[in-house]
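The next block holds one structure in the form of structure tokens; read it before the comments.
Chains as they are written, first to last, in this note's numbering: chain A, 1 to 548; chain B, 1 to 184; chain C, 1 to 584.
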């Protein structure tokens, strides 16, 4: 495909969409699928067909809209009206929607009142849950059918790539560096810098690897993007590749995400057929192609050297850095590993400019961040907010609090590598630095709310158990330290622990933090340490007195 | 807790066959993956997708065809939760133990299922109908607690409703049996 | 970029070449950073977490074993915090290790125990979390005790990368990770060839030799039993390490004396068997080369781990294998035939013990019915150098001061050719000396064929005997074999002339001096010094060619008849068979 054809295709798609009187999209991601979105879609289709108006109404899938707990979600849009978002749809309601809203509208009826039944199933898009979000990474979710390239193109898809191809590699790195984008996988390393480091290393074959092995329990941001907007990640990878003169890409995706794998495979086929991927990307003479590799259930493969080992078909054990993957990565070649959300930001930065991106967020944490808001929270789901919003705004205003009479006690961010943040600290703004100061971390974006009935000691135990289970076992501090710490914590949970046990936990934590080979072991003590820091009395209440 | 994972790898079937793969099936599979380096894990996904697990005999054949020592195959198979060395039951019930599900009572759900099926986590029923396992986050946190059966996700469950889950499986067996076609 | 960099370690300036690790650089300025998993032979795995150091003003700790030192780095290796972390890691490691030091073969010779002693650990209040894992002694050569394993990965690296055997692997992950035979079966059913390199590299008692010293003490006590013993070439230059002799000291005379004092009634030397092997093998080589009887190349067969490796992985090479038994098997069968007859001893009462640098010899003695060609099991017990060292210490004999004694000459006198069997290239060199004589009828003007010497993984070369060019290859470390055999196969497929006429293979790095049953701590430097001890023995000997050994001539005259003759064939030769890699 020649670059100019991008516009032609996008325009054609826009025209096709415009020709439709009504557009009905139903979330086709895993959450809504398991709530029955397929049945809703077929009810919509068959009723339209029965009424012989199917040619005038677009019915299709769309990426996750965030409120998985209220699925299946259906968005209705038409010229001259505000979109309506229906939740918890079922085939009966879908039929009613056609009968009482869509069909009359097509017949030329004036704006009709929704039936009481349907009214009960609409979501207020002015509510803070929607209004306070700022969707960049998720901007296509809920609008674009993830299985259709043309729809992606109609939303400015691959324009970022087009721009990147016209730029020099160094220029792209600078642009991304200036945007302030930092790795969304957890550590927050400046993406532009990482690219530039890889760019500077000479290598025959350079690799760009997408880390889609989302393993943080309680987080599903990457899943939503992989399933809901796969082309944005492909485009992000292409731009990354262009920025460091790479020729090979690897998509590493959790095998537990079959729909994500399917969507990415499909998107790659489409992109290849359209000449966006392959020997001659956008007619530029530059070639880049992808392989898909599946994870197989190992959280540690989120660590980049472990991920590389896994892509090479081995046990996913980390190796010491240096050498960093930028110098010696996949098959010993210069390699850049980026997380899904990071890559999905890239086309938008290229398209709208570094300044646009950098105008959001805090001084050192730019742009937006997607969070999976779960646990004891009313509005369970995926939200994307600008950095710098306070935890309270996210939990109480967007999330709506616990939704029960219980009080929010704390949130855990950063998953098993992060820590607990007590309610009294909720006015802290969300940024890499602020979360770290509180003894937690940004992590990949899990935000789990616990209420005053939940025990932080037990939650800390839960996370530690996770890390013990997911430790690769290679280095002694992590392998044995985690096990021993868990053993001590078990005693405390059972009410058999003593203050000495707490002291031992701290000692083991030091060995793990300092001597573990990779971040998994180095950060595994964090949930326990942060719980000890913010909720020490919850521990001491459970301790036995020491007999001398 | 051994968390073995469940939702199916792409383009594979879910219901395990009774017998190990025919030799030429493995040869074909090995030939396919051998073309690219580092594809052992992909080949194992492919093999387990066909058989439901990685039988030792098949692993040996695969190793011979791909020129990978059995030691390496076992190193890999036993490292990743996803792979199984033993044949699981026909309906693989995976209880998500991600944080969101944990907070919403997945432990009680798991205990209920253990009682209901009279097996422990990680085991199959003697009639090989059901296999029960705890798995890491399925990424359906919004629907917590969730259980997946042969890749089909059941969400927003009542934690005391393990009986309900079994009932649903019994009702939906025909659909679950065809989950493989749906996944294609 | 400059090739030399300058950095500081504990304030001391060090200049090293680019790519030098912090650990190596530290050594240059006499800073000894403690390690556990690192072995000088092997690539660092960064597993143990003991060698951590830090850069001044940085909170992060680095592993000295595998982090290249960078220009201008200011490394601190011994701050109180570092010591505390090391101690913490060590305490954790010990909490997953059985407290069985007093009942462990590695007692007093264990890298973990030494570290624990250095750090003065006295218990840390952590519960012991050693999993209950079964001990695998199925091979009867080496014993795997995964409870004692610290997961340093040395054995696996050696088995997979250096030996290309792939009998050992990690299984499972996290705390459940353990070493196991490939496919989680008994080691005896795995591709294991019993080379024992795993045991020689293990820092703890997780992999040790299958100890049979008690059995030997029992035989020595039994008045009905006539105990005979033989020592392998490489034992004499390594045993001293257990008694603080300089590495490579040749202690042959002390060994003979000690064995007699222990109660062995006959003290033989495997070097005699080596000379005999040369007579048979050089004859075989001449027959193949000159008379066209059998295919070339001829491949040596005196290393039992190599024999098993060939039988399991390179079955197509059987026809190239020398049919000669190994030297110790030859001494074994002759002890129970020739010696027994000559001395009037009932062979049924002889207990033949061999002291070898090798764990595979323990399996070789029962490998086939050919190992019973005397009518009895030719060698009854095979001990490693390590077991022998312990026996000496138990015996109360002051090994350091005991005066030298000679061997029993009948199966004990040897030439320099026999003694260099203990190092890589030695068999080849010894064979060439005698082959020269057999082909030309006269001795080579110079018997040193130095192209066979040294520690290069594969040594290739040509020599000319009587106008004939003989192409040779010497490989040691089983991973080096493949490339040699591939050349042979490639020529065979293309119908070309063989790339080699004669190939020597030893399974262990450095040959038997680096054997799996030798004292711990072997490195290339150490192997070279052991080998030097053997070459010195060769140089200083009365005879340097096997065919000059008068006792060998006497043996043929009195008993065997002709080399490769009927009787020799019956007693000194064997056959090979293709073995499955896995017995299940």
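Glycine included, C-beta positions come from ideal geometry on N, C-alpha and C.
Annotated three-state conformation of residue 102/A is helix, per DSSP. Under DSSP, the beta-bridge partners assigned to residue 498/A are 544/A. For chain A, the residues of the region 64-84 of chain B that bring a beta carbon within less than 7 Å of one of its beta carbons are 75, 76, 79, 80, 81, 82 and 83, in chain order. When C-beta distances to chain C are compared with 8 Å, the residues of the region 494-512 of chain A below that value are 500, 504, 507, 508, 510 and 511, in chain order.
For residue 210/A, the three-state secondary structure derived from DSSP is strand. With respect to residue 250/C, residue 537/C sits close: the two C-beta atoms are nearer than 8 Å. Residue state for residue 476/C is assigned as strand, using DSSP reduced to three classes. The C-beta of residue 257/A comes closer than 8 Å to at least one C-beta of chain B. At least one beta carbon of chain B lies nearer than 8 Å to the beta carbon of residue 448/A.
Interface residue (Cβ-Cβ distance to chain B less than 8 Å): residue 153/C is not classified as such. Residue pairing by DSSP places residue 339/A opposite 211/A in a beta bridge. The DSSP assignment places no complete alpha helix (DSSP H) segment of no fewer than 4 residues inside the region 263-298 of chain A.
Within a 10 Å sphere around the beta-carbon of residue 126/A sit fewer than 16 other beta-carbons, which makes this residue exposed. If you draw a 10 Å sphere on the C-beta of residue 90/C, you find 16 or more other C-beta atoms in it, and that means buried.
Its chain contains 513 and 516 as the residues whose beta carbon lies nearer than 6 Å to that of residue 522/A, once the 5 sequence neighbours on both sides are disregarded; these appear in chain order. The beta carbon of residue 434/A sits closer than 6 Å to the beta carbons of 428 from its chain, once the five residues preceding and following it are set aside; these are given in chain order. In terms of Cβ geometry, residue 424/C and residue 371/C do not form a close pair [threshold 8 Å]. Where residue 327/C is concerned, the enclosing alpha helix (DSSP H) starts and stops at 327-334. In the assembly as shown, residue 214/A is a buried residue. Its beta-carbon has 16 or more other beta-carbons within 10 Å. Where residue 330/A is concerned, there is no enclosing alpha helix (DSSP H), because DSSP gives it neither an H nor an E. Using a 10 angstroms sphere on the CB of residue 301/C, the tally of other CB atoms reaches 16 or more, which defines it as buried.
The Cβ of residue 160/C sits closer than 8 Å to at least one Cβ of chain B. Residue 86/A holds the alpha-carbon nearest to the alpha-carbon of residue 74/A among 86/A, 80/A and 66/A. Listed along the chain, the chain C residues whose CB falls inside 8 Å of the CB of residue 469/A are 174.
Residue pairing by DSSP puts residue 6/C in a beta bridge opposite 15/C.
A straight-line Cα-Cα distance of about 19 Å links residue 342/A and residue 139/B.
Along the region 337-402 of chain A, the beta strand (DSSP E) occurs as fully enclosed runs of 3 or more residues at 368-375 and 381-386, listed in sequence order. Contact check between the region 81-92 of chain B and the region 143-155 of chain B: three or more CB pairs, one atom from each, fall below 8 Å, which counts as touching. Under a criterion of Cβ atoms nearer than 7 Å, the residues of chain C adjacent to residue 56/B are, in order, 183.
Across the set 164/B, 142/B and 29/B, the C-alpha of 29/B shows the shortest separation from the C-alpha of residue 51/B. Taken in chain order, the complete alpha helix (DSSP H) segments of 4 residues or longer contained in the region 303-366 of chain C are 304-313, 327-334, 340-343 and 361-364.
Among the CB atoms of chain B, one or more fall inside 8 Å of the CB of residue 314/A. Under the three-state reduction of DSSP output, residue 303/A falls in the coil class, being neither helix nor strand. Between the alpha carbons of residue 206/C and residue 532/C lies a gap of roughly 31 Å.
Note that the region 59-69 of chain A touches the region 370-381 of chain A; at least 3 beta-carbon pairs, one per stretch, sit closer than 8 Å. Fully enclosed beta strand (DSSP E) runs of no fewer than 3 residues occupy 458-465 and 468-476 of the region 418-493 of chain C, in order along the chain.
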